[in-house]
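There are 2 protein chains.
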Amino acid sequence: MESLLNPPLSLKSADLQQHWHELAVEERKPFFFSLASDEAQIFFKDLSTAEQLDLIGDLPDAERFAWIRLLRLDDAADLMQKLPEEARHHTLALYDERTRRELIGLMAYAEDAAGGLMNPRYIRIRPGMTVGEAARYLSSQARGSVEIVYYAYVIAADQKLVGVISFRDLILANQDATINDTMKKNVVSVPEQMDREEVLGLFSKYNFVAIPVVDDEGRMKGIVTYDDLAEVAQQEATEDMLKVGGMEALDAPYLKVSFFEMIKKRGGWLTVLFLGEMFTASAMAFFEREIERAVVLALFIPLIISSGGNSGSQASTLIIRSLAIKEIRLRDWFRVLRREIMTAIVLGAFLGLVGLLRIVIWQHWHPIYGEHYWLVAMTVAFSLLGVVVWGTISGAMLPFILRKLGFDPASASAPFVATLVDVTGLIIYFSVAQSLLRGTLL
Amino acid sequence: MESLLNPPLSLKSADLQQHWHELAVEERKPFFFSLASDEAQIFFKDLSTAEQLDLIGDLPDAERFAWIRLLRLDDAADLMQKLPEEARHHTLALYDERTRRELIGLMAYAEDAAGGLMNPRYIRIRPGMTVGEAARYLSSQARGSVEIVYYAYVIAADQKLVGVISFRDLILANQDATINDTMKKNVVSVPEQMDREEVLGLFSKYNFVAIPVVDDEGRMKGIVTYDDLAEVAQQEATEDMLKVGGMEALDAPYLKVSFFEMIKKRGGWLTVLFLGEMFTASAMAFFEREIERAVVLALFIPLIISSGGNSGSQASTLIIRSLAIKEIRLRDWFRVLRREIMTAIVLGAFLGLVGLLRIVIWQHWHPIYGEHYWLVAMTVAFSLLGVVVWGTISGAMLPFILRKLGFDPASASAPFVATLVDVTGLIIYFSVAQSLLRGTLL
Chain A
53 MESLLNPPLS
63 LKSADLQQHW
73 HELAVEERKP
83 FFFSLASDEA
93 QIFFKDLSTA
103 EQLDLIGDLP
113 DAERFAWIRL
123 LRLDDAADLM
133 QKLPEEARHH
143 TLALYDERTR
153 RELIGLMAYA
163 EDAAGGLMNP
173 RYIRIRPGMT
183 VGEAARYLSS
193 QARGSVEIVY
203 YAYVIAADQK
213 LVGVISFRDL
223 ILANQDATIN
233 DTMKKNVVSV
243 PEQMDREEVL
253 GLFSKYNFVA
263 IPVVDDEGRM
273 KGIVTYDDLA
283 EVAQQEATED
293 MLKVGGMEAL
303 DAPYLKVSFF
313 EMIKKRGGWL
323 TVLFLGEMFT
333 ASAMAFFERE
343 IERAVVLALF
353 IPLIISSGGN
363 SGSQASTLII
373 RSLAIKEIRL
383 RDWFRVLRRE
393 IMTAIVLGAF
403 LGLVGLLRIV
413 IWQHWHPIYG
423 EHYWLVAMTV
433 AFSLLGVVVW
443 GTISGAMLPF
453 ILRKLGFDPA
463 SASAPFVATL
473 VDVTGLIIYF
483 SVAQSLLRGT
493 LL
Chain B
53 MESLLNPPLS
63 LKSADLQQHW
73 HELAVEERKP
83 FFFSLASDEA
93 QIFFKDLSTA
103 EQLDLIGDLP
113 DAERFAWIRL
123 LRLDDAADLM
133 QKLPEEARHH
143 TLALYDERTR
153 RELIGLMAYA
163 EDAAGGLMNP
173 RYIRIRPGMT
183 VGEAARYLSS
193 QARGSVEIVY
203 YAYVIAADQK
213 LVGVISFRDL
223 ILANQDATIN
233 DTMKKNVVSV
243 PEQMDREEVL
253 GLFSKYNFVA
263 IPVVDDEGRM
273 KGIVTYDDLA
283 EVAQQEATED
293 MLKVGGMEAL
303 DAPYLKVSFF
313 EMIKKRGGWL
323 TVLFLGEMFT
333 ASAMAFFERE
343 IERAVVLALF
353 IPLIISSGGN
363 SGSQASTLII
373 RSLAIKEIRL
383 RDWFRVLRRE
393 IMTAIVLGAF
403 LGLVGLLRIV
413 IWQHWHPIYG
423 EHYWLVAMTV
433 AFSLLGVVVW
443 GTISGAMLPF
453 ILRKLGFDPA
463 SASAPFVATL
473 VDVTGLIIYF
483 SVAQSLLRGT
493 LL
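In order, the protein sequence lines correspond to chains A and B.
Under our numbering, think of the first position of the first sequence as 53, with each following residue one higher.
Under our numbering, think of the first position of the second sequence as 53, with each following residue one higher.
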């Protein structure tokens, strides 16, 4: 993920990327090793860690090292963390002493902390230099492999971060002014232990290109750049979406996850949902007498409960997303509730009407609903209104409740809400039936 | 969305942002107008178009203009496109002739085309300059309000884009070399009509900071910067997530969408799902005789069909997301199918076993399932295996089929898959029952 730091890719490299992503997974490795070496090197740096690992994980130590050495230190550390222990040791042994120490330091951070994302190499200048001196110094320092983003960080003698100056200002500012007078003070920085999701929040809120990482004493440890976060952003979006679909996030691409891992990630939630859904069997058993007397009631059970589930999924997905992008806050819950109830009444009444017409019209062609078909139709219609309103309220309020209790609102997944609403949907349906059909069918 | 172009925000402004996002929606306007004018100005530029509109939409023309004038031209055009026609005219009239023409040009682009996102002001230099001349020229040109990203674009006499040079290279390169010899040629650019989703794809694939927009003749029209795209990325993710939840994307924040619009966006899909779900009533009617004879079968209907729905939602969400982030391609469908079948057999067998134990154990405490409870338990267990396998296959293959047919795979939403699987789940259940229970209960 090097390209932010370089001028825009040439068309050639863009074409390569395009082609790569169109290849089937098993064709990618042969394609990669068929590239000319300079093409392959540029291309390799732009791949995700998982893709890099896949390409070079099995190579002999020296060859693997030749590839890893191309990467920036933070990316190299990410990749090495995923290597088997032995391979990691062999690779580390091939680095020079200073770089090895830096890498070991980086690998010590939790993968999802700011420290685990940062690059320890950045442009540092002293506050006492003039702008012109800094520009010339930078020019000599920057020709090496130091990571260049468009900022130089101003570090005092005690290693504390005291300011930042952009390349733009190095060009535009008075060349004789001191850095101290030209730099921006009060730089936003993040502590090395900050969770990467929080770091991501800062980046997307302020459109930072890079953000410095400091330790407890305010000493600068490295920088996290936008391109590192792009991968994080994608992973977080994936996590959220899979949660909404009712499963745990996977740690690797779909085709790379082990079979056992896949079963574990999916089986957990599926079993929880299944256990929840078992209450429907108990609820149904409770109404067994009613079903026996009026089998016609059983016909509409799937229609009724799924309508509740669908309206609940809609509401919960909408609210989860609105909370995530901060369109609404916890304290807006009552406004949301009012709005959702109004919406649900209209939608529920409409579905109820459609259901009623369906039964009444159908009866004229295939008279299967018995002489009391009008009563059955009314039962279905009112139940639909009831379950849609109840499903919508549950779906809309559950994310608020989860957030309030400190859980991730995204856990209010479509299947979870549907399961929750199924049991109550049955109770609503049979209660309506008991009141409307007493004395006729029941 | 100005901050990419400036050095990192000071802590003060970051705190303001934090505070703003914690406020309830109705508290935001009073808070904004209570800010000191310089604070408010910086802060205003960082808000989304919808938030800006909300703050200044109702102001008198002159005051509204004072705010809009602070924005970059592309952001100003976005905002003005959302103003009522009269207010738009009045605001345009307050601009100088040149800027008005640029704004009208920008507003003519479709909102979701590259041209609609771009800023027509960028740094342009001539190929014949030396690097040193360019740096000095840039320094004079850039002090004004021209948009500065970290690239200067090299434009030939015929207005064609011939190359690009980064500020970094302007500092690092030999100051006496010509721009022509130093610049990168073969710049990646996008046509002005390119869809913003495609532009976004380029940005996230290559981590561009900015990308030039050219017309059919290769003449440069403006630049699209990363910060413009950040908003687009969020909108696209929202669209996808809402689709997965079974509804159409909204055009405005949750609390701003009109009631009628909300009903329309949710009612459409809900009705389609409802009509689909009506087939369950027909399927159930088909098996009415079986239900009449063995009411106990009815008890497990919700459990069986929802298990199919849940496993289908999991599979479809997983595949939708893997397709979206290109972990898998259309041609991988067979590998995915094989994998999903294996996964589903294990998961289905497990749920079947749990269901079987539930019935057999429960029967010892509450003997409600009759003398043939073992047969009922077996029926439920085999049906569960069947619906989980079928649900998973449907959920996993549907996104591939939609993509193949040219639709968005995200339309294979959890509720859609659940509805699809409900009807077939019933058929599987009653077919298993017919084979296992013939001669005893049926």
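We treat Cβ as the ideally placed atom computed from N, Cα and C, and that holds for glycine.
| task | Anything in the segment 319 to 332 of chain A with a Cβ closer than 8 Å to a Cβ of chain B? List those residues in chain order, please. | result | Cβ proximity to chain B below 8 Å picks out Gly319, Trp321, Leu322, Thr323, Leu325, Phe326, Leu327, Glu329, Met330 and Thr332 from the segment 319 to 332 of chain A.
| request: Would you check if there are 3 or more beta carbon pairs closer than 8 Å linking the segment 286 to 293 of chain B to the segment 356 to 368 of chain A? | output: The segment 286 to 293 of chain B is not in contact with the segment 356 to 368 of chain A.
| query | Which residue comes first and which comes last in the alpha helix (DSSP H) that contains A:Ser446? | reply | Taking the first residue of the first sequence as position 1, residue 446 of chain A is located at position 394. Its alpha helix (DSSP H) spans residues Tyr425 to Lys456.
| So B:Ala160 and B:Glu244 are in contact, right, with Cβ under 8 Å, and what is the actual spacing, rounded? | Translated into positions along the second sequence, residue 160 of chain B becomes position 108. Translated into positions along the second sequence, residue 244 of chain B becomes position 192. Actually they do not touch by this definition, with Cβ atoms about 10 Å apart.
| said: Within a Cβ cutoff of 8 Å, which residues of the same chain sit near A:Asp268, ignoring the five residues on either side of it in sequence? | reply: Your numbering for residue 268 of chain A matches position 216 in the first sequence. The answer, listed in chain order, is Pro243.
| field | Three-state class that DSSP yields for A:Ile420 in the structure shown | value | Within the first sequence, residue 420 of chain A is the residue found at index 368, counting from 1. In the structure shown, A:Ile420 adopts coil according to DSSP, grouped into three states.
| task | Determine the burial state of B:Lys237: buried for a count of at least 16 other Cβ atoms within 10 Å of its Cβ, exposed for fewer. | result | Locating residue 237 of chain B in the second sequence gives position 185, where the first residue counts as 1. Counting the other CB atoms within 10 Å of its CB gives B:Lys237 a total below 16, which places it among the exposed residues.
| query | chain B beta carbons: is any one of them nearer than 9 Å to that of A:Asp247? | reply | Taking the first sequence and counting its residues from 1, the one referred to as residue 247 of chain A is at position 195. Not a single CB atom of chain B sits nearer than 9 Å to the CB of A:Asp247.
| Closest Cβ-Cβ distance between B:Gly298 and chain A: below 9 Å? | Position 246 of the second sequence holds residue 298 of chain B. Yes, B:Gly298 counts as interfacial toward chain A.
| field | Nearest neighbour of A:Leu135, chosen from A:Glu185, A:Pro112, A:Arg152 and A:Leu105 [CA to CA] | value | On the first sequence, residue 135 of chain A is found 83 positions in, with the first residue counted as 1. When only C-alpha atoms are compared, the closest one is A:Leu105.
| query | For A:Lys212, which beta-bridge partners are listed by DSSP? | reply | Locating residue 212 of chain A in the first sequence gives position 160, counting from the first residue. Residue pairing for A:Lys212: DSSP places it in a beta bridge opposite A:Arg271.
| Cβ-based burial, A:Asn226 [other Cβ within 10 Å; buried from 16] | What you label residue 226 of chain A is simply residue 174 of the first sequence in a count that begins at 1. Classification of A:Asn226: exposed, given that the 10 Å Cβ count is below 16.
| Contact between the segment 442 to 455 of chain B and the segment 463 to 480 of chain B (3+ Cβ pairs under 8 Å) | Yes, since at least three Cβ pairs between the segment 442 to 455 of chain B and the segment 463 to 480 of chain B fall closer than 8 Å, the two stretches touch.
| query | Just checking my contact of A:Asn171 with A:Arg124 at CB under 8 Å: how many whole Å lie between their CB atoms? | reply | By 1-based counting over the first sequence, the position of residue 171 of chain A is 119. By 1-based counting over the first sequence, the position of residue 124 of chain A is 72. In this structure, A:Asn171 and A:Arg124 form a Cβ contact; the two beta carbons are roughly 6 Å apart against a cut-off of 8 Å.
| request: Let me know if A:Asp126 comes out buried or exposed under the rule of 16 or more other beta-carbons within 10 Å of its beta-carbon. | output: Position 74 of the first sequence, counted from the start, is the residue given in the question as residue 126 of chain A. Within a 10 Å sphere around the beta-carbon of A:Asp126 sit 16 or more other beta-carbons, which makes this residue buried.
| said: If you measure between the beta carbons of A:Gly180 and A:Thr230, is that distance less than 9 Å? | reply: Mapped onto the first sequence, residue 180 of chain A falls at position 128. Mapped onto the first sequence, residue 230 of chain A falls at position 178. In contact: A:Gly180 and A:Thr230 (Cβ atoms closer than 9 Å).
| message | Could you compute how far the alpha carbon of A:Phe73 sits from the alpha carbon of A:Lys97? | response | Counted from its first residue, the first sequence places residue 73 of chain A at position 21. Counted from its first residue, the first sequence places residue 97 of chain A at position 45. According to the sequence shown, residue 73 of chain A is His rather than Phe. Going by the C-alpha atoms only, they are around 15 Å apart.
| request: Specify the secondary structure class of A:Arg124 as computed by DSSP and reduced to three states. | output: In the first sequence, residue 124 of chain A corresponds to position 72, counting from 1. Coil at A:Arg124, not helix or strand.
| request: Leaving out five residues on either side along the sequence, give the residues of the same chain with a beta carbon under 7 Å from the beta carbon of A:Leu349. | output: For this step, residue 349 of chain A is matched to residue 297 along the first sequence. Taking A:Leu349 as the centre and dropping the five residues before and after it, the same chain places the C-beta of Glu342, Ile343 and Ala485 closer than 7 Å to its C-beta, in chain order.
| query | Measuring CA to CA, which of A:Lys308, A:Leu307, A:Met314 and A:Ser310 is closest to A:Lys300? | reply | For the purposes of this step, residue 300 of chain A is identified with residue 248 of the first sequence, where counting begins at 1. One point to set straight first is that residue 300 of chain A is Glu, not Lys, in the sequence displayed. Comparing Cα-Cα distances from A:Glu300 to each of A:Lys308, A:Leu307, A:Met314 and A:Ser310, the minimum goes to A:Met314.
| task | Figure out for me which residue from B:Trp414, B:Glu250 and B:Ile223 has the closest Cα to the Cα of A:Ala337. | result | Residue mapping note: residue 337 of chain A aligns to position 285 of the first sequence, counting from 1. With respect to the C-alpha of A:Ala337, the residue from B:Trp414, B:Glu250 and B:Ile223 having the closest C-alpha is B:Trp414.
| Who are the near neighbours of B:Trp321 in its chain, counting only those whose CB is closer than 6 Å to its CB and skipping five residues on each side? | The residue you call residue 321 of chain B lines up with position 269 of the second sequence. The residues are Gly298 and Met299.
| query | Using a beta-carbon distance cut-off of less than 8 Å, what residues from the segment 443 to 463 of chain A approach chain B? | reply | Hits within the stretch: zero.
| request: Using a Cβ-Cβ cut-off of 9 Å, state whether A:Arg387 counts as contacting chain B. | output: Taking the first residue of the first sequence as 1, we reach residue 387 of chain A at position 335. Yes - at least one Cβ of chain B is within 9 Å of the one on A:Arg387.
| query | Does the beta-carbon distance from B:Ala204 to B:Leu224 come in below 9 Å? | reply | Residue numbering aside, residue 204 of chain B sits at position 152 when the second sequence is read from its first letter. Residue numbering aside, residue 224 of chain B sits at position 172 when the second sequence is read from its first letter. Contact: no.
| field | Residues that A:Asp267 contacts on chain B, provided the C-beta gap is smaller than 7 Å | value | As a first step, residue 267 of chain A is located in the first sequence; it is residue number 215 there, counting from the start. For A:Asp267, there are no C-beta contacts with chain B under 7 Å, since the nearest C-beta of that chain is about 18 Å from it.
| request: Report all residues from its chain with a CB closer than 7 Å to the CB of B:Gly364; omit the five preceding and five following residues, and keep chain order. | output: As a first step, residue 364 of chain B is located in the second sequence; it is residue number 312 there, counting from the start. Excluding sequence neighbours, B:Gly364 sits near Gly443, Thr444, Ser446, Gly447, Val469, Ala470 and Val473.
| Does DSSP classify B:Asn171 as helix, strand or coil? | Sequence index remark: in the second sequence, residue 171 of chain B carries index 119 (1-based). Of the three classes helix, strand and coil, the one that applies to B:Asn171 here is strand, per DSSP.
| query | How many Å lie between B:Arg490 and B:Thr431 at the Cα? | reply | For the purposes of this step, residue 490 of chain B is taken as residue 438 along the second sequence, with counting starting at 1. For the purposes of this step, residue 431 of chain B is taken as residue 379 along the second sequence, with counting starting at 1. About 11 Å.
| Residue range of the beta strand (DSSP E) that A:Ala262 falls in? | Reading the first sequence from its first residue, position 210 is the one you call residue 262 of chain A. Residues Ala262 to Val266.
| What are the residues that DSSP puts in a beta bridge with A:Thr230? | By 1-based counting over the first sequence, the position of residue 230 of chain A is 178. BP columns for A:Thr230 point to A:Thr182.
| message | Using the three-state DSSP reduction, which class does B:Thr277 fall into: helix, strand or coil? | response | For the purposes of this step, residue 277 of chain B is identified with residue 225 of the second sequence, where counting begins at 1. The three-state reading of DSSP puts B:Thr277 in strand, counting E and B together.
| query | Mind pulling the chain B residues with CB within less than 7 Å of A:Lys378? | reply | In the first sequence, the residue the question calls residue 378 of chain A occupies position 326. Simply His73.
| message | Measuring straight from C-alpha to C-alpha, what distance separates A:Ser86 and A:Thr143? | response | What you label residue 86 of chain A is simply residue 34 of the first sequence in a count that begins at 1. What you label residue 143 of chain A is simply residue 91 of the first sequence in a count that begins at 1. Roughly 24 Å separates the two Cα atoms.
| field | Backbone secondary structure at A:Tyr147 - three-state DSSP | value | Here residue 147 of chain A corresponds to residue number 95 of the first sequence, with the count starting at 1. In the structure shown, A:Tyr147 sits in coil (DSSP, three-state: anything other than H, G, I, E or B).
| Assumed close pair A:Val439, A:Gly328 - CB separation to whole angstroms, cut-off 8 Å | Counting from 1 along the first sequence, the entry for residue 439 of chain A is found at position 387. Counting from 1 along the first sequence, the entry for residue 328 of chain A is found at position 276. Cβ-Cβ separation between A:Val439 and A:Gly328: approximately 17 Å, too far for a contact (criterion under 8 Å).
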